[in-house]
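Participant: Each residue of the sequence shown is one higher than the one before, counting from 1100 in the numbering used here.
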Amino acid sequence: MNLTHIEHLGIAVKSLETAIPYYENVLGLTCYAVEEVAEQKVKTAFFKVGQTKIELLESTDPEGPVGKFIEKKGEGVHHIAFAVEGLQETLDLVAERGVTLIDKAPRKGAEGLNIAFLHPKSTFGVLTELCEDPTK
Ligand code: CMX
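So, in structure tokens, the structure goes:
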């Protein structure tokens, strides 16, 4: 198992348009990318803080994962994403250690990363994403 750093924190917001100015004008960060991930039913906006990113998530469908999350819990921290080396091996290992996988194999996420989610019911309430940069 080789987690190298926190790749990003995912934060669910109702509207990117109204949330981005807080991160830019109050926290002084720069939104460097806005990207729709159709498969996940979200539009994302990215900021960098050192090596870690903040990923704002606006739902494009009330039945999507972020739409359902905001309906139930409101806006707020949605997931934590760790960068790993060897994503498939890491998934196999965490499954062997009793964690429920949402994704048994990596799929494509924002920014061209390979990603997979672990179920929050088996990770003490924190939706956990593992990511690997296929270019590294
Ligand atoms: N953090 C913690 N708990 C969460 C959660 C989250 N982000 N999302 C859902 N849950 C909890 C719910 O509160 C609920 O708990 P209770 O049963 O105690 O009420 C339980 O999980 C089931 O929630 P649900 O609303 O019925 O939703 P589903 O079971 O249909 O789906 C989940 C939950 C985690 C499997 C689904 O949201 C998922 O597959 N998420 C991974 C994909 C994702 O989140 N994509 C968006 C980001 C994409 C990106 O970063 O690019």
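Heads up, the beta-carbon is just placed ideally off N, CA and C, and yes, glycines get one too.
#1: I need the straight-line Cα distance from Lys-1113 to Leu-1192, nearest angstrom please.
#2: For the alpha helix (DSSP H) that Val-1125 lies in, which residues bound it at each end?
#3: Where does the unbroken alpha helix (DSSP H) through Glu-1236 begin, and where does it stop?
#4: Less than 8 Å between the CB atoms is what I'm expecting for Asn-1101 and Glu-1228, so what's the real figure, rounded?
#5: On the DSSP letters alone, give me the boundaries of the beta strand (DSSP E) that Val-1141 sits inside.
#6: Determine the direct distance from the alpha carbon of Phe-1145 to that of Cys-1230, and round the result to whole angstroms.
#7: Taking 8 Å as the cut-off, decide whether the C-beta atoms of His-1107 and Ile-1169 are in contact.
#8: Does the CB of Cys-1130 have a neighbour CB from chain C at under 8 Å?
#9: Sorry if obvious, but does the Cβ on Lys-1167 come closer than 7 Å to a heavy atom of the ligand CMX?
#10: Let me make sure I understand the geometry here. Which of Val-1198, Ala-1180, Asn-1213 and Gly-1197 has the alpha-carbon closest to that of Ala-1204?
#11: Can you tell me which of the three DSSP states Lys-1207 falls into?
#12: Measuring only the C-alpha atoms, how far is Lys-1172 from Pro-1164?
#13: Is DSSP giving Glu-1184 helix, strand or coil here?
#14: When burial is assigned at 16 or more other CB atoms within 10 Å of the CB, is Val-1125 buried or exposed?
Facilitator: By the coordinates alone:
#1: 35 Å
#2: No alpha helix (DSSP H) contains Val-1125, which DSSP labels as neither H nor E.
#3: Residue 1236 falls outside the range modelled here, since the chain spans only 1100 to 1235, and no answer is possible.
#4: Incorrect: roughly 16 Å between the Cβ atoms, too far for contact.
#5: 1141 to 1148
#6: 15 Å
#7: no
#8: This model lacks chain C altogether; it includes just one protein chain.
#9: yes
#10: Asn-1213
#11: strand
#12: 12 Å
#13: coil
#14: exposed
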